[in-house]
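In this note's numbering, the protein residues as written are 17 to 334. Glycine residues also receive a C-beta, built at the ideal position from the N, C-alpha and C atoms. Note that the structure is a prediction, hence the values are computed from the model and not measured.
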Amino acid sequence: MTFLSQCSTDTIASAAAALKGGALIAFPTETVYGLGADAENAEAVARIYSVKGRPNNHPLIVHIGSIDGMNEWAADVPEYAIKLAREYWPGPLTLVVNRGERAKDFITGGQNTVGLRVPAHNVALGLIQEFVKLGGKGIAAPSANRFGAVSPTSAPAVEEELSQYLNPQDMILDGGPCLVGLESTIVDCTKETPFILRPGAVTAEMIEETTGLIALSPEQTDIRVSGSLDSHYSPKAKVVLDAIAERGDGLIAPDQIPTPDGVIRLASPRTIEGYARDLYAALRSGDAQGLEVVVVLQPGGDGLAAAIRDRLKRSAHE
Ligand code: TXA
Ligand code: MG
17 MTFLSQCSTD TIASAAAALK GGALIAFPTE TVYGLGADAE NAEAVARIYS
67 VKGRPNNHPL IVHIGSIDGM NEWAADVPEY AIKLAREYWP GPLTLVVNRG
117 ERAKDFITGG QNTVGLRVPA HNVALGLIQE FVKLGGKGIA APSANRFGAV
167 SPTSAPAVEE ELSQYLNPQD MILDGGPCLV GLESTIVDCT KETPFILRPG
217 AVTAEMIEET TGLIALSPEQ TDIRVSGSLD SHYSPKAKVV LDAIAERGDG
267 LIAPDQIPTP DGVIRLASPR TIEGYARDLY AALRSGDAQG LEVVVVLQPG
317 GDGLAAAIRD RLKRSAHE
């Protein structure tokens, strides 16, 4: 496995060639790092599952370079989904739409839908562009972590998670820390109105404003979203929400909250965006320090704060 910290045009082109040759390429996006494979190569996609240790009926998001790529992968896309794509792509939004012929069972987990996203990151977009020049159509990429663990928001975090499972021809592209830090909003666009399957930085309010439709967030759905399992996004440390931190515990809390004596402060975000951006790195840092308990004081409010609480609830689930 090669770790590439200088993402020049040349390194991106060689990563795209490796991807086309069947290698796995971990790459930065604005949300979290993804572990990419050629979305048309069944063997390469199968390696994603083994490297992640992920059950193979969980569908993968196909990353494309622009809204034009949607026609390659989808069929019968409703008008409101096109509005969402026009407004928020490139950006932290995944649209689940009816699949076209190109989206095979090994991408969709056997479902008739496919998840599509245009990431807002120069390295990711450069990689997709070079890959398309070589005849590629899309990059399948889940978050670059082992199944159930915290998503990586930096290249060293990917290396720590996955390097022992990667092959010599695989690569990790370093594009710096992720700006959003929380996985994309996933919207099911196969019904009359948008259904939010996973909350994220594109909020229900934003979706309603763009589409003029009510965006529901069903508590329960028969559509498989691995991120919706009760226990997910979990560090090794036990995550305890909204408790008083004791000596030896880690603490993640808004900036204005003081650190009690003997408590190890892991993050002090000043804004809700800062909270999302720093959360996963802070949880990882608690693990790196061997902490047994990390206390997290949750942010209040809706929108991105609600997305943060969604992930924290699952991190804290035993
Ligand atoms: O921000 C993100 O979305 C990141 C970056 C790398 O793009 N990717 C990501 O992928 O979080 P992953 O696989 O870790 O989480 C995607 C979730 C999974 O829970 C998967 O089950 C769900 O999206 N998903 C993908 N395709 C779907 C589909 N057709 N229907 C329902 N859920 C789908
Ligand atoms: Mg994931």
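Selection PRO94, PRO106, GLY216 and GLY37 evaluated against THR227 yields PRO94 as nearest (Cα-Cα).
Residue range 266-268 is occupied by the beta strand (DSSP E) that includes LEU267.
When the five nearest sequence neighbours on each side are left out, the beta carbons in the same chain lying within less than 7 Å of the beta carbon of VAL218 are those of TYR104, GLY107, PRO108, LEU109 and THR201, in order along the chain. By the Cβ-count criterion, ASN72 is exposed, with fewer than 16 other Cβ atoms from all chains shown falling within 10 Å of its own Cβ.
In terms of Cα proximity to VAL130, the closest of ASN138, ASP121 and HIS137 is ASP121. DSSP places THR25 within a helical segment (H, G or I) once states are collapsed to three.
By the C-beta density criterion, SER159 is buried, having at least 16 other C-beta atoms within 10 angstroms. Look at SER247: its beta carbon is at least 6 Å from all of the heavy atoms in the ligand MG. Cα atoms of GLU56 and GLY37: separation of roughly 11 Å, rounded to the nearest angstrom. The C-beta distance from SER167 to MET17 rounds to 19 Å, too long to fall under 8 Å, and the pair is not in contact.
The Cβ atoms of GLU224 and HIS137 do not sit closer than 7 Å to each other. Partner residues in the beta bridge of MET187, as assigned by DSSP, are THR18 and ILE41.
Contact between THR206 and ASN114 holds: CB atoms are separated by about 6 Å, below the 8 Å threshold. Closest by C-alpha distance to LEU313, out of ALA298, ALA259, ARG281 and ALA97, is ALA259.
Where ALA261 is concerned, there is no enclosing alpha helix (DSSP H), because DSSP gives it neither an H nor an E.
Within the segment 99-152, the runs of alpha helix (DSSP H) that reach at least 4 residues and sit entirely inside it are, in chain order, 121-124 and 138-149.
Taking C-beta atoms as the reference points, VAL279 and ALA253 fail to come closer than 7 Å.
Non-local C-beta neighbours of LEU299 in its own chain, meaning closer than 6 Å and more than five positions away in sequence, comprise VAL166 and PRO251, ordered along the chain.
Assigned with DSSP and collapsed to three states, ARG286 falls in coil, not helix or strand. Contact check for LEU132 and VAL78: beta-carbon distance about 5 Å, within the 8 Å limit, so the pair qualifies.
For ARG214, there is no enclosing alpha helix (DSSP H); the enclosing beta strand (DSSP E) has its first and last residue at 211-214. Classified as buried, GLY197 has 16 or more neighbouring CB atoms from the shown chains inside 10 Å of its CB.
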